[in-house]
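Peer 1: For what it's worth, the numbering used here labels the leading residue of the sequence shown as 3, then goes sequentially.
Provided herewith is a single structure, encoded as structure tokens, for subsequent inquiry.
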Amino acid sequence: MIDADVNAAVYETRPQRVITGAGAARRVLPAEIERLGGSRVMLIATEHELPVARGLVAGLGVVAEFTGVRPHVPVEVAEAARALARTSRADVLLSVGGGSTTGTAKAVALTARLPIVAVPTTYAGSEATDVWGLTEDSRKTNGVDPAVLPATVVYDPELTVTLPPALSTSSGLNALAHCVDSLWGPTASPPATAFAVEGIRQLATGLPAVLADGGDVAARERCQQGTYLAAAAFAAAGSGMHHKICHVLGGAYNLEHAAMHAVVLPHVVGFNAPAAPGAANRIAGALAGAGFGDGDGDDALTALLGLYAALGAPTSLGDLGLAAEQVPEAAALALEKIPPSNPRPVTEADLADLIGRAQAGRRPVLVPLA
Ligand code: NAD
């Protein structure tokens, strides 16, 4: 246990097997399932990803397929997936898809304690965290449980070449947001920071190349490496201001997860950077490594906006469905969640201003210290 008065950083990891490589999924899944002692596989995928998923599981002993995946894992979806796992007597869960699919597998693992093999097809990063999320009555509940961390992750960049440009961008910036928030998360630590900085560099290098050519498997692989680094850093450092705001917005207003995270990120950087020069320097340095800005911490936001411009990133929560009238309520809800460890004190007025700018699609600004 750490004495609260002692200035100590804790870095805690959990065991997980991570396999990467073009074409890896088809090659390694049988052995990986066997390694976990599984013989009765429950496959979880959306209808959209099902044909790809089925192509990976020939001869794997699939006893059930669950395709009722929905964003933010509504409780009724979790219950339906859990019932199928029970009645099919599955002994291992195989998820093939984005964060919503991984999240559905986690909801089953939370109660059934079955191991998960995750094959991610977006850059959400849920596969590398022990965080689960469920939504009920427009409120999102999160928790941490080692049982929901996938035992094995297979990053196969070939499965991501079908991600359309807009989703590649927003999902990749969601991963970038994991990196940035890890720099000031409640349990930030030097190892998590190292992962985060390299994650920023990989993503900021890989995403423009993916946008130029969605079939560039090497660039896709770079983005997946950044995704893993981002999520591992985030799992260790905990949710910072950015993710707490997005958690509230996602649960209460059902905004599209990845795009919402992308829109909010530069506004949070603009707010926190003046009070967190170390983090600002690291963000700027990593972005400069990818060709955005000259590495000066004072220009971290400008460099980030340079990346956003290159990617044609989304800029407005209004476009995603948040009404201007909802901003005051969103600010009040978010205030309850901001971690006390945030580098800068946050008031409801600060949040109303930040979320209001993001809602209206106004340019993110550096908010000077009083
Ligand atoms: P998603 O899983 O909802 O997928 C978005 C869309 O992309 C879907 O329509 C899906 O069918 C499609 N898609 C997925 N892979 C594709 C591919 N390769 N080609 C073409 N289309 C593809 O969205 P997401 O952004 O991946 O995940 C968001 C969810 O993940 C949220 O619910 C969020 O809360 C959760 N999440 C959880 C954690 C965690 O640590 N628990 C971390 C990140 C995200």
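Glycine residues also receive a C-beta, built at the ideal position from the N, C-alpha and C atoms.
Which residue's Cα is closest to the Cα of GLY287: ALA334, THR195, CYS225 and PRO316?
Peer 2: The option with the nearest alpha carbon to GLY287 is THR195.
Peer 1: Tell me whether ASN144 is buried or exposed, calling it buried when 16 or more other Cβ atoms sit within 10 Å of its Cβ.
Peer 2: Burial call: exposed.
Peer 1: Here's the rule: buried if 16 or more other CB atoms are within 10 angstroms of the residue's CB, otherwise exposed. What is SER140?
Peer 2: With fewer than 16 Cβ atoms within 10 Å of its Cβ, SER140 is classed as exposed.
Peer 1: As a quick exercise: from ARG284, LEU307 and LEU309, pick the residue whose alpha carbon is nearest that of GLY297.
Peer 2: Among ARG284, LEU307 and LEU309, the Cα nearest to that of GLY297 belongs to ARG284.
Peer 1: Could you have a look at ALA10 and say whether DSSP puts it in helix, strand or coil?
Peer 2: If DSSP states are grouped into helix, strand and coil, ALA10 belongs with coil.
Peer 1: Is PRO373 near ligand 1, going by C-beta to nearest heavy atom under 6 Å?
Peer 2: The chain is shown only over 3 to 372; residue 373 falls outside these bounds and no answer can be derived.
Peer 1: Using a 10 Å radius around the Cβ and a threshold of 16 neighbouring Cβ atoms, would you call ALA351 buried or exposed?
Peer 2: It is exposed - the Cβ of ALA351 has fewer than 16 other Cβ atoms within 10 Å.
Peer 1: How would you write the range of the alpha helix (DSSP H) that TYR157 sits in, first residue to last?
Peer 2: Run containing TYR157: none in the alpha helix (DSSP H); it sits in the beta strand (DSSP E), 154 to 157.
Peer 1: Tell me the rounded alpha-carbon separation between ILE4 and THR69.
Peer 2: Confidence in ILE4 is poor, its pLDDT being 44 and thus under 50, which makes the residue's placement unreliable; the coordinate value appears in the next sentence. Their Cα atoms are separated by approximately 44 Å.
Peer 1: Excluding the 5 residues preceding and the 5 following THR104 in the sequence, name in chain order all residues of the same chain whose CB lies nearer than 6 Å to its CB.
Peer 2: Taken in chain order, the residues that qualify are SER97, ALA120, SER128 and GLU129.
Peer 1: Evaluate GLY228 with the Cβ neighbour count: other Cβ atoms within 10 Å of its Cβ, from every protein chain shown; 16 or more gives buried, anything less gives exposed.
Peer 2: By the 10 Å Cβ count, GLY228 comes out buried.
Peer 1: Using a threshold of 7 Å, state whether the C-beta atoms of ALA179 and HIS263 are closer than that.
Peer 2: In contact: ALA179 and HIS263 (Cβ atoms closer than 7 Å).
Peer 1: Is the beta carbon of THR162 within less than 6 Å of some heavy atom of ligand 1?
Peer 2: Within the cutoff, so yes.
Peer 1: DSSP on ALA111, reduced to helix/strand/coil?
Peer 2: In this structure, ALA111 counts as helix in the three-state DSSP scheme.
Peer 1: My output table needs one value for ILE4: the three-state DSSP class, helix, strand or coil.
Peer 2: Any reading at ILE4 must be qualified, since the residue scores a pLDDT of 44, below 50, and its modelled position is unreliable; the value itself is stated next. ILE4 falls in the coil class under three-state DSSP.
Peer 1: Nearest to PRO122 by CA position, among LEU136, ALA326, LEU165 and GLU138, is which residue?
Peer 2: Cα-wise, what sits closest to PRO122 is LEU165.
Peer 1: Pull the bridge partners of SER97 from the DSSP assignment, please.
Peer 2: According to DSSP, which records beta bridges pairwise, SER97 is partnered with ILE46 and ALA120.
Peer 1: Would LEU175 be called buried (16 or more neighbouring beta carbons within 10 Å of its own) or exposed?
Peer 2: Buried: at least 16 other Cβ atoms inside 10 Å.
Peer 1: By the DSSP assignment, the alpha helix (DSSP H) with LYS246 in it spans what residues?
Peer 2: Here the alpha helix (DSSP H) through LYS246 covers 243 to 255.
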